[in-house]
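The structure appears below as structure tokens.
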Amino acid sequence: MEFDLGKRYCYYFNEISKIPHGSRNEKAVSDYVCEFARKHGLPYKQDSVWNVTIDKPASPGYENSEPVILQAHMDMVCEKNNDVIHDFEKDPLDLYVEDGWLHARGTTLGADDGTGVAYMLAILEDDTLAHPSLECIFTTMEEIGLVGAGYLTKEDLHGHRYISLDGGGVSCTTTSSAGVSDVIISKKLQYESCKLPGYILTVKGLKGGHSGGEIHMERGNANVLAARILKEAQGNDLDITLCTLKGGMKMNAIPREAVFTFMSDSAAEAVKASVQASAEAIRRELLFSDPGVEVVLQETSEYTFRIQKEISDALLNCIYLMPNGFQHRSMVIDGLTVASLNLGVISVRDDTVRFEIMIRSAEDSARHDLSSRLVTLASLLDLDAEVPSGYAGWAYSENSRMREIYRAVCERNGLEYKERATHGGLECGIIKGLDPDMDIITFGPISEAIHSPDERLELQSFDDAYRILCEILKDCR
Ligand SMILES: [Zn+2]
């Protein structure tokens, strides 16, 4: 299998790979797409964050058909092997083919989502194809939180039929994705000097994982476990007051490690016994999901201050009482989580403690319910809370004309049609949020090891998915 530049989608993929296009660095590729539109006499629009929309009129016979929106993101994840010299701001990718797969030497390939961009350019250019009027949307900064799509407005969408070209699998569509709310609970800390014995409590050895893909696996959250251990000690009538607390690295990762330091005027033996009993219970509970969990308690004389008692209690109570982890599953789609939240990061900076929580749900109402609970809890405990950002979810709908069309095309081509749903976030969710009537399918060629230097694109599927796309458009009468 060759990477045949005679095929226009291969040609455009190759052209794009010469233009650096990591997230936040899309201006050049965005300008390239605009230049393409000018050259082909197609109306286009470029917005303030370099999203581009190009329109193409219906082919003869399709003038009365509902328009179709095609969409792909222009940015790619920039990862390279340590031994490779590559400047993602300047250097073209070095493409090569091996055993029917396209690679980039030592770097990510950007098949995610350069293939979708290449498909749209090839379709816009080809006047022999049959299709309704098309609106092709090229977005930016998808890989860093669906940022570009967040700048689209309802007025940008001219139609209720939508094909996302950011899917994986020639005959597989996504049917649902999660919306996200970020919640920040914070508190300006007051300290008091104190000379009581100090302790360092470390919870570590947990598996962690992605808060979308792995939240249903009952893995321990280090932040939550550390607070529980100290609450249980308080429940045993022991004196516990926090000095510092920190855990986790990223909002969308289940925290693997947390370190809480505290002071106590209770007998050291009693403190140790309580922590040990909690640790043993946790080890038993997590035996099958997180067997590596470790709880370590060390004495320290390093601290000469502690957080004011009331604030310390409020922080522990907040972590202890807040809903966390898996919440709800779908009763339609087997194994799909429909609501979860993750206390991903606890940090202290400039004497202000921050809890960063990411809520996910395909149902926007469930997402708002969870964020409202967190805000309510924070206000009861005299902590500050805000919901600075978020985007909509794509809830599963039973009926979809686009899925019917897609299924028929797959079957006609002898392919097994499949559906899947994700608890991750997709640009489709933002689109659905702008237009709840949008009928969406997703698909694309097969690639592997995306977001890593081993990313590769199966060339046969690059041909097949293009053919399927053309047939779908033809059937969108
Ligand atoms: Zn992508």
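Going by my numbering, the sequence shown opens with residue 1084, and the numbers climb by one from there. Backbone N, C-alpha and C define an ideal beta-carbon position, used for all residues, glycine too. Computed from a predicted model, the values in this text were never measured in an experiment.
DSSP places Leu1212 in no beta strand (DSSP E); its state is neither H nor E.
The straight-line gap separating the alpha-carbon atoms of Lys1392 and Glu1340 is approximately 24 angstroms.
Counting along the chain, Ile1152 sits inside the beta strand (DSSP E) bounded by residues 1151-1156.
Under the DSSP definition of a beta bridge, Tyr1474 partners with Val1263. For Ala1350, there is no enclosing alpha helix (DSSP H), since its DSSP letter is neither H nor E. Between ligand 1 and Glu1225, a heavy atom-to-CB distance of less than 7 angstroms is present.
Per DSSP, reduced to three states, the secondary structure at Val1230 is coil, with no helix or strand assignment. For the options Cys1559, Val1470, Gly1473, Ile1523, the alpha carbon positioned closest to that of Gly1250 is the one of Ile1523. With three or more CB-CB distances shorter than 8 angstroms, the region 1398-1413 counts as touching the region 1422-1441.
Met1332 sits exposed, since fewer than 16 C-beta atoms from the chains shown fall within 10 Å of its C-beta.
DSSP places Gly1295 outside both helix and strand once states are collapsed to three, so it counts as coil. Annotation for Asp1196 indicates a beta carbon within 7 angstroms of some heavy atom of ligand 1. Taking each of Arg1188, Leu1426, Tyr1145 in turn and checking the Cα distance to Ser1100, the smallest one comes out for Arg1188. Cα atoms of Phe1388 and Gly1281: separation of roughly 10 angstroms, rounded to the nearest angstrom. Taking the C-beta atoms as reference points, Pro1215 is found nearer than 8 angstroms to Ser1148. Contact between the region 1104-1119 and the region 1210-1229 is established, with three or more Cβ pairs separated by less than 8 angstroms. Collapsing the DSSP output to three states places Gln1129 in a strand. The region 1466-1474 makes contact with the region 1256-1272, as at least three CB pairs between them are under 8 angstroms. Check the Cα spacing between Leu1419 and each of Gly1295, Leu1328, Glu1541, Asp1452: the tightest is with Gly1295. Residue pairing by DSSP places Asn1425 opposite Met1441 in a beta bridge. Pairing Ala1478 with Ala1445, the inter-Cα distance amounts to about 5 angstroms. Beta-bridge partners of Ile1102 (DSSP): none assigned. Apart from sequence neighbours up to five positions away, the residues of its chain that approach Gln1410 with a beta-carbon distance below 6 angstroms are Ala1422, Ser1423, ordered along the chain. In its chain, beyond the 5 residues on either side, Thr1344, Gln1381, Thr1383 have a beta carbon closer than 6 angstroms to the beta carbon of Ile1283. Between the region 1507-1525 and the region 1239-1248, the count of C-beta pairs closer than 8 angstroms reaches three or more; the two stretches touch. Ligand 1 has no heavy atom closer than 7 angstroms to the beta-carbon of Asp1434. Nearest C-alpha to His1156 among Ser1247, Arg1091, Asp1558, Asn1306: Ser1247. Nearest Cα to Arg1432 within the set Ala1548, Lys1329, Ile1488: Lys1329. Per the coordinates, the alpha-carbon of Leu1178 lies some 13 angstroms from the alpha-carbon of Ile1102. In the DSSP assignment, Lys1501 falls within the unbroken beta strand (DSSP E) covering 1501-1504. Here the distance from the Cβ of His1293 to the nearest heavy atom of ligand 1 is not below 7 angstroms. Leaving aside the five residues that flank Asp1447 on each side, the residues in its chain whose CB is nearer than 6 angstroms to its CB run, in chain order, Gly1262, Ala1475, Gly1476. A direct Cα-Cα distance of roughly 14 angstroms separates Ala1449 from Gly1408.
Taking every protein chain shown into account, the CB of Pro1374 has fewer than 16 other CB atoms within 10 angstroms, so this residue is exposed. Distances from the CB of His1156 to the heavy atoms of ligand 1 include at least one below 7 angstroms. Ranked by Cα distance from Ile1137, the options Cys1511, Phe1119, Tyr1145 are led by Phe1119.
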